[in-house]
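Novice:
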Amino acid sequence: MKVKKPLLLVIAFMLVASILAGCMSNDSTKKDTATDTKDEKKSLVVYSNSVSDGRGDWLTKKAAESGFELKIVEAGGGDLLNRLVSEKNNPLADVVFGLNQMNFETLKTNDLLVPFEPEWTAETPKGSSDKDNFYHPLVEQRIFMIYNKDVYTEETAPKDWTDLIENEEFKGKYHVPANLGGGTNRSVIYGMLMRHVDKNGDLGISEEGWKEIGVFFDNGYKTPEGEDANANLASGKVPISFTYSSGLPGIEEEFGFEAGIVSPEVGVPTTVEQVGIINKGKDQDTAVAEEFINWFGSAEVQGAWAEQFGSLPVNTKAVEKASDKMKQIGEITTIQKMDYTFIAEHIDDWVEKIELEIF
Amino acid sequence: MKKFINIHVHNKIYLWLVGIILTWFIAAFLVLPNVNILYTTFFADGAFSLEPFQKLLSSKRAMNSLLNSFILGITLVITVNITGVFLVLVTDYFAIKGAKILRLGYFTTMIYGGLILVSGYQFIYGNSGFLTTLLVKIFPTMNPDWFVGYPAVVFVMTFACTTNHIIFLSNAIKSIDYQTVEAAKNMGASPWQILIKVVVPVLRPVLTTLSVLLFASGLGAMSAPLIVGGKDFQTISPMILTFANSMSSRDLAALLAIFLGISQIALLYFITRAEKKGFYMSVSKVKTKIEKQKIENKAANFIVHLFAYVLFAIYVLPIMAVIIFSFTDTYSISTGTLSWEHFTLDNYIKILTDASSYEPFVISIIYSGLTAIIVVAAMLCIARIIHKYNNKLTTSLEYSFHIPWLIPGILMALGLIITYDKPMPILGNIVLTGTLSLLLIAYVIEKIPFTLRILKAAYYSFDSSLEDAAKNLGAGSFYTFVRVILPIVLPTTLAILALNFNSQLADYDLTVFLYHPFYQPLGIVIRNNTDPTASIDAKAMNFVYSVILMAISAVVIYFVYGRGSKKKNIL
Amino acid sequence: MITFQDIQVKFGDFVAIQNLNLNIKEGEFFTFLGPSGCGKTTTLRTLVGFITPTNGKIIVDGENLTNTPIEKRKIGMVFQSYALFPTMTVYENIAFGLKVQKNKQEEIKKRVEEIAQVVDLTDEQLIKNVSALSGGQQQRVAIARALALAPKIIVLDEPLSNLDAKLRKQLRKELKKLQLEQGITTVYVTHDQEEALTLSDRVAVFNNGVVEHVGTPEEIYNQSKTEFVCNFIGDANVISQEIIEEISRKTNMKVDPAKKYYIRTEKIKTKVLEGDQHSVALQAKVMSKEFYGTYSQYKYEVMGTYLANIEKEDGNVQYLEGDDVTLFINPKDILQY
């Protein structure tokens, strides 16, 4: 015992020392390579909430072929926004993409963006970019209701979100989000609330609107943490759910079933994933970031991306490369007309109200 | 005389230096960020606003969650104490066949917890769990979603929260003077009377402290209500997390957190009072070691054995499920079925060979290791100062180091971010956000109160004349500390080092706000893997991560507790 | 050798030691005796250096040690709780001070073995952990550890109080023998008067932070300077007003009504020694008897008040309760304060 104790201490200290050393050296070597390659390769740190399901790996590889060395940081939309704002004075990201226009509006008001006009602006529909060129659209995502075709037919399936509320038959049969942090979940909420805008109502929404959303959450199946809404959808346990356009093919493939798309008459909410350059202070050289955005937003890359992952590019020249499924979605669904400035002003309060009073 | 002045002045300078550093640390990391977050949330527009109060008070959900948290806290005090006392009686008081194996089973909560533990329980009791499937076969009308709500949360937490009982209560039982039991027998007391009148009263002070801790864990419960609480049994911690995540709702998060904080202050007060009343000291000079009691009544003996083994099954089945499923693919995991064709070693191979899979481990081990070492080393010194110089200054020092107990981790993390996301003179204008050190600082802060309490107790547990003796024999302060005091507190130090290390390995709540985006710790990866949009293998990987985590924790625990109980260890 | 000069120790407002002046000679076995809280341990700790006096000087061998750090004073100490280092073996405990001084390994070994022999510790005991030893053995280790550095002075703080009566007596003898052999100046703190009387060359009786009497055991016993000393050491009767006046009448002894009079129990006789002309006879009745083996203690009623004495037991019954006896008191044995 007598001998063991000092030995143990020594081992412990060696462990610490080696860990420390390892940590340091790891760090420094990484930094070294980063600076070394800076001259030859154009390295960038990219933050995104839109790189899941292998999209990140694909992008890293493709970008490398064009001479970019990307370090992609992945996080959910809400976390990503929080992180960008909290890193305001010491930003690590060079480029951010995937967040929607409302999130980018927040970044802009926090002075986190650098204006820049990409070469492909002309290829996007007029007026789709920020008017001060702080951010630009890449991919459009429509958010729509889906159902399991094994359970419902086009006739028996709900026609609109309001069906879920009015029809007792769907009680407990549809997924409602337990977390309102992400963009997709939020768009379901505002898609419903925006039908009941009332300047005199609570938070700009009429009483009826609030009642509707209350019933919507009460009758839905709130998928708990650890359970997979898509698995429930596939198994028929909760046969109605919702998704964003480029998420659909993945769900069908993973769980091996066919989903029907619901297209309400009023249309479906749409969000557009944007891209922008992060403001890193006065002496910032944005050349590489600009070059990357020019490359990434180009018809060629967006087209390939659409082909690979089934997205709906905003770039008009890339649209033709989009998969049939996406084109189909674009045809089936129409865009719900909504005042996004109004939404941006109120969405946080709405979510808070729902969290407090409806959940 | 000159020498004397030198020594004393040196001493003074050293004390001043320590004092300045501590004051700076407390001001910079314990006070400023927390004051800052409270100020910015409640004085957002420069004036104090009662709005968040009104919002919360008029929210049925918030009020229900508060109530539920309280109910959970109270229920746990009852259920966990009963279970915990029974466990300890089985392992240390009654002669039970196979007690050693039973003990191993009861120890499993020491190596896994949080999300992993609850998903383990889901594998047994969840809607596609083994027990549920079995029951549905027998009773076809049964609702497979039976394991949800208050009873499910209480069930999971009752068995998950016995760790402290196993550690502290079994020590208390071992310190019972066996002669008191013999004396009671001699006076004709029945085994039941002995248990109730002699044994349990000795445990009562420990039980008081444990009850307080239990109430706190019920109040702050996160994983269990989130996963098995369902719609009808929501609690406050998940709400705090949600609100903290939304920039515009942080005032609500802060307010709820303050409520938790106030409850913690009240608890702290009770703990301190309970501690002051003191633990019963054995009055006898010739103590006899406790002997295991055989239960003479056959029926009683059978019932106790039965319960002991049922509990063993409850403890072991979830962990077995996690281990077994770690060798299967996503299909098995998401459907809860087992068959040979779905067994695979791929996930293990991937973790051991793929850098992006094992990197989170390395990162978490480095963070946890550094945290444990830094906080234990620092508290070893600070507890020593508090022990050595018992005055108003050190008392206030001790109290300030308890601040992290009053502020939930999430809020503290936000405080650090909003305070140090810009250059602050107090930190030499270094911006902490986006650096590796931010998370380390938060981890260290979070571990301070518990570590300090335990180490302080360790210092107070030995005879103070030992130090005098060493000095008298010519040893200087440093030599005395290293050669005499440190060896005495070393077992406790190692134990707390291990506990700190284990507890931080898979942390999520605090980590999510603060981690460096290039270096994702394990907790973040595990949580991201549970996200519906995560890749298909991700869920399977989580089980492998969990099993490796358990293995690491088990090794660490073994080093501290496994090698005989010869060493004096207050833990 | 050791001089306490005008020592005063204050803890906040509380005065623990008041103007203490003492001289301890080289090679002397000196005891601080007193009830708990009287300041004897405080004085000892001031000497060793754990407490710095608020006033006064401590001089050892002509050198002022008042502000010398503990570790430089070279005074060996044995603690009441022994304060053995629980994580070390007996050997390591004894060698601790020698290691601090960075002695060579062989020298340490030699010295430890030498000391172990002095205090009767075997080689097997040396390699044991201290917690494996009995109380008496631990005591020996504590003494050995204090002696290992060959200090000029050794101080012992109630070293025998944790042992049972028999062991205490045995160790007391050994301690005295050891002190005589080693010739080390020894300062001993105890509340046990028997220990103080049997061991010491001189005794200082402490009360409320003040030394009431310094002298040889015989002096402090027989000629106690103060009422406190008289009461604290041995057993003494308070002589009531009635009895002292009776004695005064019979002997012309001057009595001061403001003073208190005492007589030790063994000085009251039931028989007059031959040639004793001065003793006064008093009529008494036996009230009770306590048998102690070698002697018995009797309680008598005398003139409506009580006196006690002890009588040697020789196996024959001497007095029974209710017996009338004559008690003899020699006025020179009366102590007055």
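Residue numbers (our numbering), protein chains in the order written: chain W, 3 to 361; chain R, -10 to 560; chain D, 1190 to 1526. For glycine and all other residues, C-beta sits at the position ideal for the given N, C-alpha and C.
Relative to the C-alpha of Tyr356 (chain R), which candidate in R:Asp496, R:Leu93, R:Gln43 and R:Arg262 has its C-alpha closest?
Specialist: Comparing Cα positions, the closest option is R:Asp496.
Novice: I'd like the span of the beta strand (DSSP E) that includes Lys1185 (chain D), first residue to last.
Specialist: The first residue shown for chain D is 1190 and the last is 1526, placing residue 1185 (chain D) beyond what the model contains.
Novice: Name the chain D residues that come within less than 7 Å of Ile477 (chain R), Cβ to Cβ?
Specialist: Result: Pro1275 and Thr1276.
Novice: Output needed for Ala213 (chain R): all residues of its chain with C-beta closer than 6 Å, excluding positions within five of it in sequence on either side, in chain order.
Specialist: So the qualifying residues of the chain are Val107, Val142, Val145 and Met146.
Novice: Going along chain W in order, which residues have a C-beta closer than 8 Å to the C-beta of Val501 (chain R)?
Specialist: The answer, in chain order, is Asp81.
Novice: Using C-beta distances below 7 Å, list every residue in its chain close to Ile112 (chain W), excluding the 5 sequence neighbours before and after it, in chain order.
Specialist: One detail in the question is off: residue 112 (chain W) reads as Asn in this sequence, not Ile. Once the five neighbours on either side are set aside, the close Cβ partners of Asn112 (chain W) are Val87 and Lys90.
Novice: Exposed or buried, what is Leu1222 (chain D) when buried is set at 16 or more other beta-carbons lying within 10 Å of its beta-carbon?
Specialist: With 16 or more other Cβ atoms within 10 Å, it is buried.
Novice: Check Lys1262 (chain D) in the structure and name its three-state DSSP category.
Specialist: Looking at the sequence shown, residue 1262 (chain D) is not Lys but Arg. If DSSP states are grouped into helix, strand and coil, Arg1262 (chain D) belongs with coil.
Novice: Run through DSSP, which three-state label would Ala529 (chain R) get?
Specialist: In the structure shown, Ala529 (chain R) sits in a helix (DSSP, three-state: H, G or I).
Novice: Identify every residue that forms a DSSP beta bridge with Phe172 (chain W).
Specialist: BP columns for Phe172 (chain W) are empty, so no partner.
Novice: Going by the CB atoms, is the gap between Thr152 (chain R) and Thr198 (chain R) shorter than 7 Å?
Specialist: It is not a contact, given that the beta carbons lie outside the stated cut-off.
Novice: Chain R partners of Val1237 (chain D), CB-CB under 7 Å?
Specialist: Ordered by position in chain R, the residues that pass the 7 Å Cβ test against Val1237 (chain D) are Asn461.
Novice: Can you have a look at Leu55 (chain R) and say buried or exposed, based on whether 16 or more other CB atoms are within 10 angstroms of its CB?
Specialist: Per the 10 Å Cβ criterion, buried.
Novice: Considering Cα atoms alone, identify which of R:Met530, R:Val24, R:Leu61 and R:Val77 is closest to Val293 (chain R).
Specialist: Nearest option by C-alpha distance: R:Val77.
Novice: Quick one: using the 10 Å Cβ neighbour count with 16 as the cut-off for buried, is Gln1306 (chain D) buried or exposed?
Specialist: That one is exposed.
Novice: Using a C-beta cutoff of 7 Å, does Ser454 (chain R) count as contacting chain D?
Specialist: Yes - at least one Cβ of chain D is within 7 Å of the one on Ser454 (chain R).
Novice: What alpha helix (DSSP H) runs, 4 residues minimum, are completely inside the stretch 44 to 110 of chain W?
Specialist: Listed in chain order, the complete alpha helix (DSSP H) runs (minimum 4 residues) inside the stretch 44 to 110 of chain W are 57 to 67 and 79 to 88.
Novice: How many Å lie between Ile513 (chain R) and Leu91 (chain R) at the Cα?
Specialist: In a straight line, the C-alpha of Ile513 (chain R) is about 34 Å away from that of Leu91 (chain R).
Novice: Going residue by residue through the stretch 160 to 248 of chain R, where are the continuous beta strand (DSSP E) segments of at least 3 residues, counting only ones entirely within it?
Specialist: Counting only runs of 3 or more, we get nothing.
Novice: Per DSSP, what kind of secondary structure is Lys1458 (chain D) in: helix, strand or coil?
Specialist: Strand at Lys1458 (chain D).
Novice: Based on Cα-Cα distance, which residue from R:Tyr337, R:Leu429, R:Tyr432 and R:Pro476 lies nearest to Lys528 (chain R)?
Specialist: The candidate whose alpha carbon is nearest that of Lys528 (chain R) is R:Tyr337.
Novice: Using the beta-carbon count (16 or more within 10 Å), is Gly24 (chain W) buried or exposed?
Specialist: For Gly24 (chain W), the predicted model reports a pLDDT of 42, less than 50, meaning its position is unreliable; a value from the coordinates is still stated below. It is exposed - the Cβ of Gly24 (chain W) has fewer than 16 other Cβ atoms within 10 Å.
Novice: By the criterion of Cβ-Cβ separation under 7 Å, what are the contact partners of Gly465 (chain R) in chain D?
Specialist: What Gly465 (chain R) touches in chain D: Glu1260.
Novice: Taking only three categories from DSSP, how would you classify Met147 (chain W)?
Specialist: If DSSP states are grouped into helix, strand and coil, Met147 (chain W) belongs with the strands.
Novice: At the level of alpha carbons, what is the spacing between Pro1275 (chain D) and Val1237 (chain D)?
Specialist: In a straight line, the C-alpha of Pro1275 (chain D) is about 23 Å away from that of Val1237 (chain D).
Novice: Measure from the C-beta of Lys274 (chain R) to each C-beta in chain W and report whether the shortest distance is under 7 Å.
Specialist: Residue placement at Lys274 (chain R) is poorly supported in this model, since its pLDDT is 46, which falls under 50; the coordinates still yield a value, given next. By this cut-off, Lys274 (chain R) is not an interface position.
Novice: Looking at the structure shown, is Phe1218 (chain D) part of a helix, part of a strand, or coil, going by DSSP?
Specialist: Phe1218 (chain D) falls in the strand class under three-state DSSP.
Novice: By a C-beta neighbour count over all protein chains shown, 10 Å radius and 16 as the cutoff for buried, is Ile216 (chain R) buried or exposed?
Specialist: Under this definition Ile216 (chain R) is a buried residue.
Novice: Over the uninterrupted beta strand (DSSP E) stretch that includes Glu1510 (chain D), give me the two end residues.
Specialist: No beta strand (DSSP E) holds Glu1510 (chain D); DSSP gives it neither H nor E.
Novice: How close, in whole Å, do the beta carbons of Phe1219 (chain D) and Asp1390 (chain D) come, if the pair is a contact with beta carbons under 8 Å?
Specialist: So it is a contact: roughly 7 Å between Cβ atoms.
Novice: Indicate whether at least one CB of chain R lies closer than 7 Å to the CB of Phe1268 (chain D).
Specialist: Answer yes: the Cβ-Cβ gap between Phe1268 (chain D) and chain R drops below 7 Å somewhere.
Novice: If the criterion is Cβ atoms closer than 7 Å, does the pair Leu499 (chain R) and Gly398 (chain R) meet it?
Specialist: Cβ atoms of Leu499 (chain R) and Gly398 (chain R): closer than 7 Å.
Novice: Within a Cβ cutoff of 8 Å, which residues of the same chain sit near Thr360 (chain R), ignoring the five residues on either side of it in sequence?
Specialist: Counting only Cβ-Cβ distances below 8 Å, and skipping sequence neighbours, we find Leu429, Tyr432, Val433, Lys436, Asn489, Phe490 and Gln493.
Novice: Based on the DSSP secondary-structure assignment, which residues constitute the bridge partners of Val1267 (chain D)?
Specialist: Val1267 (chain D) is bridged to D:Leu1345.
Novice: State yes or no: is the C-beta of Ile100 (chain R) within less than 7 Å of the C-beta of Ser535 (chain R)?
Specialist: No, the pair does not count as a contact, with Cβ atoms beyond the cut-off.
Novice: Distance, Cα to Cα, Glu1383 (chain D) vs Gln1269 (chain D)?
Specialist: Using only the alpha carbons, I get a separation of about 18 Å.
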